[in-house]
Each structure stands twice: as C-alpha cells, then as structure tokens.
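Read left to right, the sequence shown gives residues 17 to 150 (this note's numbering). C-beta: ideal position from N, C-alpha, C; glycine also.
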Amino acid sequence: MDSRLNWGAHINRVIDRGRQMAGTLAPLMNGRSKLDPARKIQLYKAVLRPTVTYASSNRMLRWALDAPWFVRSDTLHEDAGIDPIMDFIRNTATRFFDKARDPENPLVSKSQEYDARIPWKYPRPRSLIVASQD
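As structure tokens, then:
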C-alpha cells in the first residue's frame, strides 16, 4: 500500500513480476514452442498462476495455450482443466478454513472461531466465501 492506502503500487509490482516471469518462460510458452500443451499447463499452474493470481491470469493462460483472441476465457479454462481465478481463490480459502478447524493445533483452530450471525461493519473473509458460493 502507498501513503494514501491504495493498492495501485502493489498491483503494478505484481503485474511487473508476472511480465518478467512471462518473459523468462517465453521460449517455452509461445506458439512456436514444441512443448506439449499439457506441460505448458503445468508451467502455468506451477509458475505463472501463483505470480499473477489476480493480475492477468487469463491473458497468461491464453498465451500459454496459443489460443486466439475470440476464444472465451471460460472455454479456455474448461479445455485446460483449470478453475477460473475466483474459483481457485475460493477453493484455496475454503481449504484453509477447513484445515483451521483441525483440533490438532489449538492456536489455529481458536483463531477462526467466530459467530457469523454477529453483524460487523465489514464482511469477514469466511462470510464472503460462503456468500459467494450461494
């Protein structure tokens, strides 16, 4: 965050990092590469997606699969067997909260105890996830 509590600088850094990563992987990921599309998807999942989770993942996936501009993003995700970014984030967060309920670690399990019915000024993360699944 910057001094005005904006995320612009952070988002720009993430986009730059994604561009650097894409530049590094360009010989393997471009349309002229002989690399198997399944391997390109693995590179996308292991390297690019964590870097650009909310910056430009559709663009990176389209680039990795050498898909033309007119192919819909949901078709791309379906063909590649990859969840759209919002589903990926929701599933990851849901797995986190489910693991946090594990009684083996009392500090972690206690940290997520709260009553979702209590009104708050801002929605809590778990409430947002549950609401977005409805």
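If you compare alpha carbons, which of the options is closest to residue i?
i	options	result
Phe104	Gln36, Trp79, Val30 and Pro66	Pro66
Ser89	Pro100, Asp82 and Ala80	Pro100
Asn46	Asp82, Arg35 and Asp95	Asp82
Leu92	Ser73, Arg29 and Thr110	Ser73
Ala42	Pro84, Leu64 and Thr110	Leu64
Ala54	Arg29, Pro84, Thr110 and Asp95	Asp95
Can you give me the C-alpha to C-alpha distance between residue i and residue j, rounded to a whole angstrom?
i	j	result
Gly24	Lys56	30 Å
Lys50	Ala62	19 Å
Ile31	Met37	10 Å
Arg75	Gln58	16 Å
Asn107	Leu77	19 Å
Arg33	Leu44	18 Å
Phe113	His26	26 Å
Tyr60	Met102	16 Å
Arg35	Asn22	22 Å
Ala109	Trp85	31 Å
Assign residue i to buried or exposed, taking buried as 16 or more other Cβ atoms, counted over all protein chains shown, within 10 Å of its Cβ.
i	result
Gly97	exposed
Trp79	buried
Gly39	exposed
Practice prompt. Note down, one range per segment and in chain order, each alpha helix (DSSP H) of at least 4 residues found wholly within the stretch 55–81.
Written response: Runs found: 73–80.
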